[in-house]
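Some notes on the structure that comes next.
Numbering (full-length UniProt numbering), first residue to last: 1 to 329.
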């Protein structure tokens, strides 16, 4: 019961700290004079994905055993899977709930979202392909993944809002009575919220490791099926909060930007410090991720994006769970 209570407590802590984080990161974007979408694709994505990337780096670079390094590789594959399926699905489900309450809906630039998914699928195909082969210069390709993400960030940061009108922001939670908060307060709230998110997320994952065997799940299955959702919980919470505030384009931008960093930075570390060979479960994860993104791309390119079609993406994670059954039988 203690483990279940801690799970619930960590989830609440992550949600509340994400509310403080999204509030602060919007003001940070205003201070840095970047476009609204770049707040989601770059600033929020880096903020929530940086702790996970550090954990992956520590696992692959300083892991004492091959099993510890394999956990880092698994995280590099599981993160994009959870984002491409569960995170987008949660946005769709949140929009369905909001539509019943009459909440506003703003998809933003659908073509821009399609371009982001095209970037992702191109990088991800190379990432999975490299997991099937071995050659001398393969580790050095890790730097190429870092370069791709740097180019993506530069492109995003240069884009400005289409209408050129700054969005009305809620007061900074640390300085509710000030129309324009101090820069130190914006930075302090951003870093403080991230510290809580990081700590609560790590504790959440530890509780899952304990709860999995209690539910009769093998440790490997827990790591593949439940841990990816746990590690991407901050991005999912951010999306829920932004959808609730009627900022759907920021929610979508945060997920697409997080997918890009998860497809490049952890993969770069994995290539540099491990053989980067993908076993059957990880190849299944890669295949399901690509299926989900291709489905989303077809929906976007055909101009048929809708709340229900976006909600369906979450079902691909169920497909992943079903595909794992023969592997563990």
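Beta carbons are placed, not taken as given, at the ideal position from N, Cα and C, and that holds for glycine.
- Runs of alpha helix (DSSP H) with 4 or more residues, each lying fully within the UniProt domain "Sodium/calcium exchanger membrane region" (189 to 323), are found at 219 to 225, 227 to 231, 233 to 244, 248 to 273, 280 to 301 and 307 to 312, listed in chain order.
- Selection 173, 225 and 257 evaluated against residue 185 yields 173 as nearest (Cα-Cα).
- Close CB contacts of residue 314 within its chain, under the 8 angstroms cut and outside five residues either way in sequence, are with 85, 86, 88, 89, 90, 92 and 93 (chain order).
- Burial of residue 286 is indicated by the presence of at least 16 other C-beta atoms within 10 angstroms of its C-beta.
- Cβ neighbours of residue 311 within its own chain (closer than 7 angstroms, five residues either side excluded): 89, 92, 93 and 96.
- Closest in alpha carbon position to residue 80, among 231, 55, 262 and 222, is 262.
- Collapsing the DSSP output to three states places residue 176 in coil.
- Between the alpha carbons of residue 42 and residue 133 lies a gap of roughly 31 angstroms.
- For the pair residue 253 and residue 40, the CB atoms are nearer than the 7 angstroms cut-off.
- Taking all protein chains shown into account, residue 70 has 16 or more neighbouring C-beta atoms within 10 Å of its C-beta and is therefore buried.
- DSSP places residue 116 inside the alpha helix (DSSP H), whose first and last residues are 110 to 130.
- Distance from the CA atom of residue 319 to the CA atom of residue 288, rounded to whole angstroms, is 7 angstroms.
- With the rule of 3 Cβ pairs closer than 8 angstroms, the segment 122 to 129 does not count as touching the segment 229 to 236.
- As the crow flies, the alpha-carbon of residue 324 is around 9 angstroms from that of residue 225.
- Around the Cβ of residue 130, a 10 Å sphere holds 16 or more other Cβ atoms; the residue is buried.
- Taken atom to atom, the span from the alpha-carbon of residue 5 to that of residue 15 is near 16 angstroms.
- For residue 27, the enclosing alpha helix (DSSP H) starts and ends at 2 to 32.
- Per the C-alpha coordinates, the member of 327, 317 and 301 positioned closest to residue 114 is 301.
- Pairing residue 18 with residue 98, the inter-Cα distance amounts to about 19 angstroms.
- In the DSSP assignment, residue 148 falls within the alpha helix (DSSP H) that extends over 141 to 158.
- Within a 10 Å sphere around the beta-carbon of residue 32 sit fewer than 16 other beta-carbons, which makes this residue exposed.
- Counting only the Cα atoms, residue 196 lies some 30 angstroms from residue 274.
- In the three-state DSSP reduction, residue 91 falls in the helix class (H, G or I).
- Residue 176 counts as exposed, since fewer than 16 other C-beta atoms from the protein chains shown sit within 10 angstroms of its C-beta.
- Residue 53 sits away from residue 281, with the two beta carbons spaced by 7 angstroms or more.
- About 20 angstroms separates the Cβ atoms of residue 22 and residue 112, ruling out a contact at the 8 angstroms cut-off.
- Pairing residue 204 with residue 10 gives a Cβ-Cβ distance under 7 angstroms.
- In this structure, the CA atom of residue 47 is about 9 angstroms from the CA atom of residue 25.
- Restricting attention to 35, 206, 246 and 216, the CA atom closest to the CA of residue 3 is found in 206.
- Between residue 152 and residue 290 the beta-carbon gap is near 19 angstroms, outside 8 angstroms, which marks them as no contact.
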